[in-house]
Amino acid sequence: MADHSIGNAHATTLGDMLRASQWASGLTAGELTRVEQGVFEKQVPAGDFVCRKGEPVEHWLGVIDGLLKLTCDLASGKTAALAGIPAGGWFGEGSLLKTEARRYDVIALRDSRIALMRRATFHWLLDHSIAFNRFLLTQLNERLGQFIGQIESDRLHDTDARIARSLTTLFNPVLYPGTGTRLKICQEEIGSLAGISRQRVNLSLKKLEQAGYLSVGYRGVNILDLEGLRRFGG
DNA sequence: TCATTAAGCGTTG
DNA sequence: CAACGCTTAATGA
179 MADHSIGNAH
189 ATTLGDMLRA
199 SQWASGLTAG
209 ELTRVEQGVF
219 EKQVPAGDFV
229 CRKGEPVEHW
239 LGVIDGLLKL
249 TCDLASGKTA
259 ALAGIPAGGW
269 FGEGSLLKTE
279 ARRYDVIALR
289 DSRIALMRRA
299 TFHWLLDHSI
309 AFNRFLLTQL
319 NERLGQFIGQ
329 IESDRLHDTD
339 ARIARSLTTL
349 FNPVLYPGTG
359 TRLKICQEEI
369 GSLAGISRQR
379 VNLSLKKLEQ
389 AGYLSVGYRG
399 VNILDLEGLR
409 RFGG
């Protein structure tokens with residue numbers, strides 16, 4: 179079974195995840211050791227909150243394994259998904275930089291393992307590593323582009339395009355370099371990210387499959403034409 | 001009228 | 001046993 183992809187658990191340790199992170203490549207061995215001492219791991223079962231809006235932000239968060247969803251509450255009482263974060267992704271730097279409370283809820287869509295970097299370690303990196311600063315700059319910029327694209331897609335395009343976009347954002351090579359071509363994600367999880375029901379996701383996936391962009395399998399999708407899917411998603 | 005959804009049910013990997 | 005695929009009735013634009 180070629181199950182190498184997001185969420186291939188068991189293999190990845192916290193240390194592996196740190197060393198595989200883009201920002202870690204510019205660090206000396208000594209610096210990396212120091213960082214590792216400022217990071218610990220937490221398991222979060224599917225459906226549970228990783229952190230909640232309004233809480234004080236004490237850590238920078240990374241996904242070792244699993245899949246997370248960032249959401250905010252709307253005035254209407256509904257919740258909107260802001261972003262999906264697959265394994266390899268780091269987030270929460272915005273609130274850490276500004277020393278403000280968490281701006282959104284983070285929910286584990288499936289059993290996940292989270293890396294938590296203490297605020298002191300985060301700020302130490304900020305003060306000592308140019309590579310780390312550059313990483314943050316790139317990440318913030320990339321995410322900004324993603325959000326703008328998401329808003330555009332939501333307003334201008336149909337449901338199929340929105341599903342396509344929800345998928346492609348998980349394949350952003352800058353934010354989530356570890357993501358392969360096979361994405362381990364069930365249709366309900368896609369729906370949760372796109373704000374669409376499960377059976378509607380199923381319909382869209384079949385259309386996208388017929389168009390040759392991907393193939394749907396049990397417990398996941400295979401991306402065949404990522405660039406095409408990006409264009410389709412607007 | 002038309003798209004979508006919740007609920008549910010049989011099938012499948 | 002969770003995920004999938006499909007049906008039906010309700011809903012709202």
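Quick note: to get my numbering, add 178 to the position in the first sequence (first position is 1). Don't be surprised by glycine CBs; every beta carbon is placed ideally from N, CA and C. Please read these numbers as outputs of a predicted model, since none were measured by experiment.
Spanning the alpha carbons of residue 276 and residue 297 requires a straight line of approximately 12 Å. The beta-carbon distance between residue 330 and residue 412, rounded to whole angstroms, is 6 Å. This is short enough to meet the 8 Å contact definition. Put simply, of 281, 305, 366 the residue whose alpha carbon is nearest the alpha carbon of residue 209 is 305.
Its Cα nearest to that of residue 408, the residue 340 stands out among 340, 393, 361. The three-state reading of DSSP puts residue 390 in coil, since its state is none of H, G, I, E or B. Uninterrupted beta strand (DSSP E) stretches at least 3 residues long and entirely within the segment 214 to 254 occur at 217 to 222, 227 to 229, 237 to 243, 245 to 251, given in chain order.
When secondary structure is reduced to three states using DSSP, residue 199 falls in the coil class, being assigned neither helix nor strand. With distances taken between CA atoms, residue 246 lies nearest to 290 out of 303, 204, 290.
Distances from the CA of residue 314 to each of 268, 351, 371 were compared; the closest alpha carbon is that of 268. The beta-carbon distance between residue 219 and residue 242, rounded to whole angstroms, is 7 Å. This is short enough to meet the 8 Å contact definition. For residue 339, the uninterrupted alpha helix (DSSP H) run begins and ends at 337 to 347, by DSSP.
Residue environment analysis places residue 237 among the buried positions, since at least 16 neighbouring C-beta atoms fall within 10 angstroms of its C-beta.
Within the same chain, Cβ atoms closer than 7 Å to the Cβ of residue 359 are found at 400, 401, the five residues on either side in sequence being excluded. Annotation for residue 205: no alpha helix (DSSP H) segment contains it, and DSSP assigns it neither H nor E.
About 7 Å separates the Cβ atoms of residue 348 and residue 354, confirming a contact at the 8 Å cut-off.
Shortest Cα-Cα distance from residue 382 to any of 352, 363, 342, 197 involves 342.
In the DSSP annotation of this structure, the continuous segment of the alpha helix (DSSP H) that includes residue 312 starts and ends at 308 to 334.
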